[in-house]
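A quick write-up on the structure given underneath.
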Amino acid sequence: QERTKFPDEDKLVIPDYMKEILAEITAQARQSSEINQRSGVSVRVSISNFETLLGNALRRSIRNREEWTCPRVSDLSFIVASFAGKIELETFEEGRETRLTEDLTRRAVLRIFGGYFEVDDLDAVVTSFDLGNRAETGSDKAAADYPDIVKNIDGLARAVRKLTKDKRPEVMASAVEFILEGLHLSRKLNCDRSGEAAVYKR
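Following my numbering, the numbering of the sequence shown begins with 10 at its first residue and continues without gaps.
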């Protein structure tokens, strides 16, 4: 099955780790006891989640007048709508689909993060937060704001380089969010969320 084509696809940059996270969400869903596996989790679910992710990234790049469109971890919260309508839960309970999708997403991000980084290798980043640094991210935040985060957090530039040599702010923004969320899910950083914004701290 083919996904929907987006305008300006030549301006689209999709990091491997974001593709891997989406695939892992589907894999986790196929193993979940909360989802009716007789109904199954189709390939269409992955495609639909991919379209939702790209759609939100595209909206951001248009709104912020950015040259490139690159999905981030903060865009994953928007897949609830595309995911919920395509799975059948074993038991019905108000809000359960949302909670399950968020749980599957967290597990997928942590698993893929573990494939790219050893948490101990990011000690310099964690220590920088110990010294009182904070980092604010979000699906609405302009990519141009992220190089400052990289500059202010010791060790983050090196971690970003391990993921990508691409210097475009849109790509760096995606890498920064993946690293910070991975550290949060590894219980190395705290995270305060408000709407689509997240503040990482110790």
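Glycine is no exception: its CB is placed at the ideal position from the N, C-alpha and C atoms.
If distances are taken between C-alpha atoms only, which option among Cys79, Phe138, Thr114 and Tyr26 comes closest to Asp149?
Cys79
7 Å Cβ shell around Gln37 - same chain, five flanking residues per side excluded:
Leu113, Arg116 and Ala117
Using the Cβ count rule (16 or more neighbours within 10 Å means buried), how would you classify Arg81?
buried
Should Gly123 go down as buried or exposed, given a rule of 16 or more other Cβ atoms within 10 Å for buried?
exposed
Decide if the stretch 136 to 156 is in contact with the stretch 178 to 191; the criterion is three or more beta carbon pairs, one per stretch, under 8 Å apart.
yes
Could you give the DSSP three-state label for Asp139: helix, strand or coil?
helix
Output the distance between the C-alpha atoms of Asp139 and Asp201, rounded to the nearest integer angstrom.
16 Å
Inter-residue CB distance, Leu119 and Leu194 (contact presumed, cutoff 8 Å):
4 Å
From Asp130 to Val89, what does the alpha carbon distance come to, in whole angstroms?
32 Å
Own chain residues within Cβ distance below 6 Å of Arg211, not counting five before or after:
Phe138 and Asp139
Ala206: beta carbon under 8 Å from a heavy atom of the ligand HEM?
Looking for the ligand HEM in the displayed structure turns up nothing, as the structure carries no ligands at all.
Starting from Asn199, trace the beta strand (DSSP E) both ways and give me its first and last residue.
Asn199 to Ser203
Spatially closest choice to Leu189 from Leu31, Leu172 and Val54, by CA coordinates
Leu172
Classification of Ala133 by the beta-carbon crowding that lies within 10 angstroms, buried from 16 upward:
exposed
Buried or exposed, going by whether 16 or more other CB atoms sit within 10 Å of the CB of Asn58?
buried
Output yes or no for whether 9 Å exceeds the beta carbon distance between Phe126 and Ala168.
yes
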